[in-house]
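The next block holds one structure in the form of structure tokens; read it before the comments.
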Amino acid sequence: MKSNLLKSFRLTLVFCVFFSVFYILVLWLFAKVAGPNGGNAEVAVLDEKVVGGANVGQNFTKDIYFWGRPSCAGDGYDATSSAGSNKATTNPEYLKEVESRIDTFLVKHPYLKREEVPADIVTASASGLDPDISVASAYVQVKRVAEARGMSEEAVKAIVEKVKQGPLLGMFGPSKVNVLKLNMALDEKAD
2 MKSNLLKSFR
12 LTLVFCVFFS
22 VFYILVLWLF
32 AKVAGPNGGN
42 AEVAVLDEKV
52 VGGANVGQNF
62 TKDIYFWGRP
72 SCAGDGYDAT
82 SSAGSNKATT
92 NPEYLKEVES
102 RIDTFLVKHP
112 YLKREEVPAD
122 IVTASASGLD
132 PDISVASAYV
142 QVKRVAEARG
152 MSEEAVKAIV
162 EKVKQGPLLG
172 MFGPSKVNVL
182 KLNMALDEKA
192 D
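Quick note on the working numbering: the sequence shown kicks off at 2 and runs consecutively.
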């Protein structure tokens with residue numbers, strides 16, 4: 002009986018090590034072959050300098066830039082503590098935060114009515130690091146960004162249209178706009 006237990010323990014160890022390494026190797030090979038950028042993170046480069054990760058949200062607050070979704074990750078956009086707030090939509094503290102975000106957004110966008118503020122621009126994503134906003138969230142910011150940059154609204158909207166990404170395979174999910182890529186396209190246009 003003791004020899005069977007020892008054999009079972011050894012076999013379990015061998016399988017744990019083998020499948021742990023094998024599984025990771027299979028995922029790594031799949032990412033290298035089928036993943037975007039050969040399995041490496043997509044970085045955004047402007048003027049030959051890396052300005053950020055294209056798949057991680059960043060905090061833009063200047064009027065010349067489009068703003069992304071709020072973040073509840075750590076002190077905001079902290080990849081080491083990626084998480085949502087876990088507050089229910091009926092939580093009074095959460096509702097107060099959202100109302101405060103709406104009020105702040107309306108100060109910079111006085112041409113909007115309260116009900117015209119898109120939900121995703123005042124609510125944090127589950128990860129707290131969402132790099133994308135809805136097309137509606139980009140459109141409502143066009144006027145502010147155009148005025149701050151001294152550009153026409155049509156020119157700024159054209160840049161939004163250029164950067165806009167359609168649904169995955171044309172049918173899965175909504176259209177979206179990567180905020181970092183959009184702001185980079187604006188900066189490139191300004192040069």
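Positions of the beta carbon are idealized from the N, C-alpha and C atoms, including for glycine.
Item                                                                                                                                                                                         : Value
DSSP on residue 113, reduced to helix/strand/coil?                                                                                                                                           : coil
Helix, strand or coil for residue 5? Go by DSSP, reduced to three states.                                                                                                                    : helix
Once you ignore the five residues that flank residue 123 on each side, which residues in its own chain have a CB closer than 8 Å to its CB?                                                  : 71, 99, 102, 103, 106
Residues in the same chain with beta-carbon distance under 7 Å from residue 130, minus the five sequence neighbours each way, listed in chain order, please.                                 : 57, 58, 72, 74, 78, 80, 83
If contact is defined by three or more beta carbon pairs under 8 Å, each pair taking one atom from either stretch, is the segment 152 to 169 in contact with the segment 22 to 29?           : no
Please work out which residues of its chain come closer than 7 Å, Cβ to Cβ, to residue 186, disregarding the five sequence neighbours upstream and downstream, and give them in chain order. : 160, 163, 164
Does the distance from the C-beta atom of residue 110 to that of residue 145 stay below 8 Å?                                                                                                 : yes
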